[in-house]
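*Asks:* I am attaching a structure below and will ask some questions about it afterwards.
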Amino acid sequence: DGGITQSPKYLFRKEGQNVTLSCEQNLNHDAMYWYRQDPGQGLRLIYYSQIVNDFQKGDIAEGYSVSREKKESFPLTVTSAQKNPTAFYLCASSLNPGGRLNEQFFGPGTRLTVL
Amino acid sequence: QKEVEQDPGPLSVPEGAIVSLNCTYSNSAFQYFMWYRQYSRKGPELLMYTYSSGNKEDGRFTAQVDKSSKYISLFIRDSQPSDSATYLCAMSADGNQFYFGTGTSLTVIP
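Encoded structure:
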C-alpha cells in the first residue's frame, strides 16, 4: 500500500518536554511538509523540505525542529519552547514541488495534547 | 488581510441538493488550486486540483476558478450524507507553499 503514515495517532505530553512526531511516505515523493491545524484557523505551515538534507521554515516554525535524513522520513520535534503545542499535526508530501505535479497528499494526522 | 478567505459555515442541505462552496483570495499570483475533503479527526483527502483558470469536472464534483475575480468554487451535485465533512480550499503561486482556507463544514441531511 502506498501512502503516508503518521505515528502516533494520539500523543500526550507534559509541559516542558520535547516530543517527536513521526511521518513516513513510500510514494517516492520529493517534498514533505508539516502543518498544524487549529479550530477556526485552517492549516498553517510549520516546515517543509524539498530534498533530503534540506528544509525551510514555514509561517509558524518557532518552537519546532525537523530533520530530513532520508527521502521517506520527515520527523517533527515539538520543543518545550512552543508555547501552545496542543493541536492536530498533519504531514503531507508532493511529487514535484514547484512544478505541475505538486498536489499535496496528507497523512492521517497526530493529535498532540499537552497536559 | 488573510491570503485565503473561506466561509466556515456550517452549511446544512437536504440529500440530493446541489452544494456550492467558495473561497476568495488576494494574491493574484496564485495559479494552483486544490479542494480537500476532511472527515472529523482525519487527514484531508484531495478531491480536485486545478491549474490556472477554468472548470474541471470529476463525477459529482466540479471545480471552477475565476482568476479575474480571485474566486474559486466547488460544486457538489446530488449531494449524499457521506459528503458530510469539512471542505478546505488551498492555493499556491509557486506550487510549493500552499495557503489554506479555514474550511467549510457541510452536513447533508438524509
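For the protein sequence lines, the chains are A and B, in the order given.
Under the numbering used here, residue 391 is the last one in the first sequence; the count climbs by one each step, no gaps.
Under the numbering used here, residue 114 is the last one in the second sequence; the count climbs by one each step, no gaps.
Note that beta-carbon positions come from the ideal geometry of N, C-alpha and C, so glycine has one too.
Predicted, not measured: the structure shown is a model, and the values here were computed from it.
Going by Cα to Cα distance, which pick from Arg289(A), Val390(A), Lys290(A) and Gln301(A) is closest to Gln282(A)?
*Replies:* Gln301(A)
*Asks:* Any beta carbon of chain A sitting closer than 8 angstroms to that of Met38(B)?
*Replies:* At least one chain A Cβ lies under 8 angstroms of Met38(B).
*Asks:* When DSSP builds the beta bridges, which residues end up paired with Ala33(B)?
*Replies:* Answer by DSSP bridge pairing: none, since Ala33(B) is not bridged.
*Asks:* My understanding is that Thr276(A) touches Thr296(A), with C-beta atoms under 8 angstroms, so please give their C-beta distance in whole angstroms.
*Replies:* With chain A represented from 277 up to 391, any question about residue 276(A) goes unanswered, as that position is not in the structure.
*Asks:* Please state if the CB of Thr106(B) and the CB of Gln317(A) are separated by a distance shorter than 8 angstroms.
*Replies:* yes
*Asks:* Helix, strand or coil: how does DSSP classify Pro85(B) here?
*Replies:* helix
*Asks:* Counting contacts by CB-CB distance shorter than 8 angstroms, is Gly279(A) in contact with chain B?
*Replies:* So no, Gly279(A) is outside the interface.
*Asks:* Do we get a CB-CB distance below 8 angstroms when we pair Gln380(A) with the residues of chain B?
*Replies:* yes
*Asks:* Using the C-alpha atoms, what's the distance from Ser44(B) back to Ser343(A)?
*Replies:* 29 angstroms
*Asks:* Give the interface partners of Pro384(A) over in chain B, defined as CB-CB distance under 7 angstroms, in chain order.
*Replies:* Residues of chain B passing the Cβ test: Lys46 and Gly47.
*Asks:* Short check: CB of Gly339(A) to CB of Thr362(A), under 8 angstroms?
*Replies:* no
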